[in-house]
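Participant:
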């Protein structure tokens, strides 16, 4: 967390991906092919295709669109139940389904800035009609977030439950989909997430967890992973994650240029494509992009439209994530051997080894340290003793008397296989004058240090051992470096004290539900502008 925060974006992270989804029933209408059988897998829950009927979209400006050309797009072909003359994403959805040869009667019931609770209170007579055989619900964009991020997840699930009951009372066979919204450059700031890609990913993870928890707990038909589609476009360098500094050549802006929160025409088109793929189970890659298509109507090039179609396909080919209790845990205790002075916390006075870690799951001694390689850093390593030969040596094994400073990126390889009971950990250091913890992105890699699939995790500073600036009482240990970076060693050297904290996380946190899908994984890549790792390792829970 070294005292200069880099402005550059962290390496792009990817949404938690979970293998390929089994598709129960496939669309076979002319003009748009179903997902190929080779893409089916026994991981996910099948969703029957819906290729016709009366579909109602319920939401706010994230559904009706915030600006032209989306706001009134194709309004003559859809029914705005509030008479506002809106077409929006339902209008694009209508055009896509018509292109594919499907027959839908599309309606929307939307109100800017409103929550699902508002719709249940004020529009029950519209939503609770027996005519709807499919209903899509979009919650206000921050309500599903944790309360610590300004959300109200209980309000979200309660309103979703009540709307589901309302719809099913009128039509017991109705399909109900949840429309997962997106993180945005504006929202990550207002909701207290870090800036840049790591903040976008962290917010999207919280949204994804909330929507899928509601889906599992309440018995919805499925979740249209629109927000995950946004992140995938960022991960693949198609969409610029920071439009405020200008759009990078060859990229587009998913968010409105007016507020960097609502969707642009690109984001709206991607939203409709993801909804199309989820509801109809048809392959969006076969949608038209030329004259007369929805993409052309909106001024989206054929190349960009094809990329958005592919993103929609890939997102809808993912298995549904398993939402369970958190396994991303703070490390609350540690034991050390070697040159250690006992105390609360212990003080490392020379070469020391990490011998055990404690989290809410228990205390673990079967620790395996990683072999580091390819570390890049903005500072030389610091150590309690001789400066390590290189940055890799400073973050290798279980030695905790030294550490890399301001890690940019590094590969950490393990000599043991991963299982569902594997827990990874990172021990980080920072001067006692600051709070413990640093934002970081963790990605599964193979023996050649290449990413395995798209299994990544955005760790936030508050995921690490809790410790306020100037307070060492909860730190795992303290250490006064006697060589390395001057701002860490002090003058004379050894007069600046640092403290240690840690975080533990599982394969499930990285998005893995099928161990076979990561058979090639042998290590982790860690990227951060500020992380100072002393130890990276793993252990196994009983």
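Numbering (the working numbering), first residue to last: 392 to 933.
In this text, a Cβ means the ideal position worked out from N, Cα and C, and glycines have one as well.
Which of helix, strand or coil does DSSP assign to residue 419?
Facilitator: For the purposes of this step, residue 419 is taken as the residue at position 28 of the chain shown. Here the model assigns residue 419 a pLDDT of 34, short of 50, so the residue's position is not dependable, and the following value carries that caveat. Of the three classes helix, strand and coil, the one that applies to residue 419 here is coil, per DSSP.
Participant: Tell me whether the beta-carbon of residue 527 lies closer than 8 Å to the beta-carbon of residue 589.
Facilitator: Numbered from its first residue, the chain shown carries residue 527 at position 136. Numbered from its first residue, the chain shown carries residue 589 at position 198. Result no, Cβ atoms of residue 527 and residue 589 do not sit closer than 8 Å.
Participant: Could you work out which residue in 748, 840 and 601 is closest to residue 764 when comparing CA atoms only?
Facilitator: The residue labelled residue 764 in the question sits at position 373 within the chain shown. The residue with the shortest Cα to Cα distance from residue 764 is 840.
Participant: Between 690, 665, 745 and 825, which lies nearest to residue 487 when the distance is taken from Cα to Cα?
Facilitator: Position 96 of the chain shown, counting from 1, holds the residue named residue 487. Comparing Cα-Cα distances from residue 487 to each of 690, 665, 745 and 825, the minimum goes to 665.
Participant: Just curious, the alpha helix (DSSP H) that residue 476 is in, first and last residue?
Facilitator: Numbered from 1 along the chain shown, position 85 holds the residue referred to as residue 476. Here residue 476 belongs to no alpha helix (DSSP H), and DSSP marks it neither H nor E.
Participant: Short of 7 Å in beta carbon distance, which residues of its chain neighbour residue 928, apart from the five on each side in sequence? Order them along the chain.
Facilitator: Locating residue 928 in the chain shown gives position 537, where the first residue counts as 1. Taken in chain order, the residues that qualify are 758, 759, 760, 761, 789 and 816.
Participant: Would residue 542 and residue 548 be called neighbours here (beta carbons separated by less than 8 Å)?
Facilitator: Against the chain shown, residue 542 aligns to sequence position 151. Against the chain shown, residue 548 aligns to sequence position 157. Going by C-beta atoms, residue 542 is not nearer than 8 Å to residue 548.
Participant: Report the residue ranges of all alpha helix (DSSP H) runs contained in full by the segment 657 to 708; include only those spanning at least 4 residues, in chain order.
Facilitator: Qualifying alpha helix (DSSP H) stretches, in chain order: 685 to 689 and 693 to 707.
Participant: Contact between the segment 613 to 633 and the segment 596 to 603: three or more CB pairs below 8 Å?
Facilitator: Yes, they touch.
Participant: With 16 other CB atoms within 10 Å as the buried threshold, where does residue 863 fall?
Facilitator: Taking the first residue of the chain shown as position 1, residue 863 is located at position 472. Residue 863 comes out buried.
Participant: Assign residue 819 to one of three DSSP states: helix, strand, or coil.
Facilitator: Residue numbering aside, residue 819 sits at position 428 when the chain shown is read from its first letter. Strand, per DSSP.
Participant: Per DSSP, what kind of secondary structure is residue 439 in: helix, strand or coil?
Facilitator: As a first step, residue 439 must be located in the chain shown, where it is residue number 48. Residue 439 falls in the coil class under three-state DSSP.
Participant: Which first and last residues belong to the alpha helix (DSSP H) in which residue 589 is found?
Facilitator: Here residue 589 is taken as the residue at index 198 of the chain shown, counted from 1. It spans 587 to 609 - the alpha helix (DSSP H) in which residue 589 sits, taken as one unbroken run.
Participant: Helix, strand or coil: which one does DSSP assign to residue 466?
Facilitator: Residue 466 sits at position 75 when you count from the first residue of the chain shown. Three-state result, residue 466: helix.
Participant: Which ranges does the beta strand (DSSP E) cover as unbroken runs of at least 3 residues, wholly within the segment 489 to 518, from first to last along the chain?
Facilitator: Fully enclosed beta strand (DSSP E) runs of 3 or longer: 494 to 501.
Participant: Count the other C-beta atoms from every protein chain shown that fall within 10 angstroms of the C-beta of residue 702, then say buried if there are 16 or more, exposed otherwise.
Facilitator: Counting from 1 along the chain shown, the entry for residue 702 is found at position 311. Answer is buried; the Cβ neighbour count reaches 16.
Participant: Count the CB pairs spanning the segment 781 to 788 and the segment 818 to 836 that are closer than 8 Å, and state whether there are at least three.
Facilitator: No, they do not touch.
Participant: Count the other C-beta atoms from every protein chain shown that fall within 10 angstroms of the C-beta of residue 587, then say buried if there are 16 or more, exposed otherwise.
Facilitator: As a first step, residue 587 is located in the chain shown; it is residue number 196 there, counting from the start. By the 10 Å Cβ count, residue 587 comes out buried.
Participant: Going by DSSP, name the residue or residues bridged to residue 896.
Facilitator: Taking the first residue of the chain shown as position 1, residue 896 is located at position 505. Partner(s): 815.
Participant: Using the three-state DSSP reduction, which class does residue 929 fall into: helix, strand or coil?
Facilitator: Locating residue 929 in the chain shown gives position 538, counting from the first residue. In this structure, residue 929 counts as strand in the three-state DSSP scheme.
Participant: Would you kindly report the start and end of the unbroken alpha helix (DSSP H) that includes residue 452?
Facilitator: Looking up residue 452 in the chain shown gives position 61. Looking at the DSSP string, the run of the alpha helix (DSSP H) that includes residue 452 is 452 to 455.
Participant: Distance, Cα to Cα, residue 560 vs residue 455?
Facilitator: Numbered from its first residue, the chain shown carries residue 560 at position 169. Numbered from its first residue, the chain shown carries residue 455 at position 64. Going by the C-alpha atoms only, they are around 26 Å apart.
Participant: Where residue 459 and residue 651 are concerned, what is the direct C-alpha to C-alpha distance, given to the nearest angstrom?
Facilitator: Along the chain shown, read from residue 1 onward, the residue named residue 459 stands at position 68. Along the chain shown, read from residue 1 onward, the residue named residue 651 stands at position 260. Approximately 15 Å between the Cα atoms of the pair.
Participant: Going by CA-CA distance only, name the one from 581, 662, 857 and 833 that's closest to residue 704.
Facilitator: Indexing the chain shown from 1 puts residue 704 at position 313. It is 662.
Participant: For residue 814 and residue 646, I'd like the C-alpha separation in whole angstroms.
Facilitator: Your numbering for residue 814 matches position 423 in the chain shown. Your numbering for residue 646 matches position 255 in the chain shown. Going from the Cα of residue 814 to the Cα of residue 646 covers about 36 Å.
Participant: Count the other C-beta atoms from every protein chain shown that fall within 10 angstroms of the C-beta of residue 845, then say buried if there are 16 or more, exposed otherwise.
Facilitator: In the chain shown, counting from the first residue as 1, residue 845 sits at position 454. Buried, by the Cβ-count rule.
Participant: Which residues in the same chain as residue 754 place their Cβ atom closer than 6 Å to its Cβ, once the five residues preceding and following it in sequence are excluded?
Facilitator: The residue you call residue 754 lines up with position 363 of the chain shown. For residue 754, where only same-chain residues beyond five positions count, the Cβ hits under 6 Å are 747.
Participant: May I have the straight-line CA-CA distance separating residue 504 from residue 706, to the nearest angstrom?
Facilitator: By 1-based counting over the chain shown, the position of residue 504 is 113. By 1-based counting over the chain shown, the position of residue 706 is 315. Residue 504 and residue 706: Cα-Cα distance of roughly 27 Å.
Participant: Beta-carbon within less than 7 Å of residue 972's beta-carbon, same chain only, minus the 5 sequence neighbours each way: which residues are those?
Facilitator: Lying outside 392 to 933, the shown extent of the chain, residue 972 is not represented and no answer is given.
Participant: Going by the CB atoms, is the gap between residue 531 and residue 570 shorter than 8 Å?
Facilitator: For the purposes of this step, residue 570 is taken as the residue at position 179 of the chain shown. For the purposes of this step, residue 531 is taken as the residue at position 140 of the chain shown. No, these two residues do not count as a Cβ contact at 8 Å.
Participant: For my contact list, residue 751 and residue 739 are in at a C-beta cut-off of 8 Å; report their separation, rounded to the angstrom.
Facilitator: Residue numbering aside, residue 751 sits at position 360 when the chain shown is read from its first letter. Residue numbering aside, residue 739 sits at position 348 when the chain shown is read from its first letter. Contact doesn't hold; Cβ gap of about 25 Å is too wide.
Participant: Should the segment 573 to 587 be called in touch with the segment 549 to 559, which here means at least 3 C-beta pairs below 8 Å?
Facilitator: Flag = no, the segment 573 to 587 and the segment 549 to 559 do not touch.
Participant: Are the beta-carbon atoms belonging to residue 865 and residue 893 less than 8 Å from one another?
Facilitator: Residue numbering aside, residue 865 sits at position 474 when the chain shown is read from its first letter. Residue numbering aside, residue 893 sits at position 502 when the chain shown is read from its first letter. Not a contact, by the Cβ cut-off of 8 Å.
Participant: With residue 1017 as the anchor, note down where its beta strand (DSSP E) starts and where it stops.
Facilitator: Past the edges of the chain, shown from 392 to 933, lies residue 1017, and the structure says nothing about it.
Participant: Tell me which same chain residues have a C-beta within less than 8 Å of the C-beta of residue 443, skipping the five on either side of it?
Facilitator: Here residue 443 refers to the residue found at position 52 of the chain shown. Answer for residue 443: 493, 494 and 495, listed in chain order.
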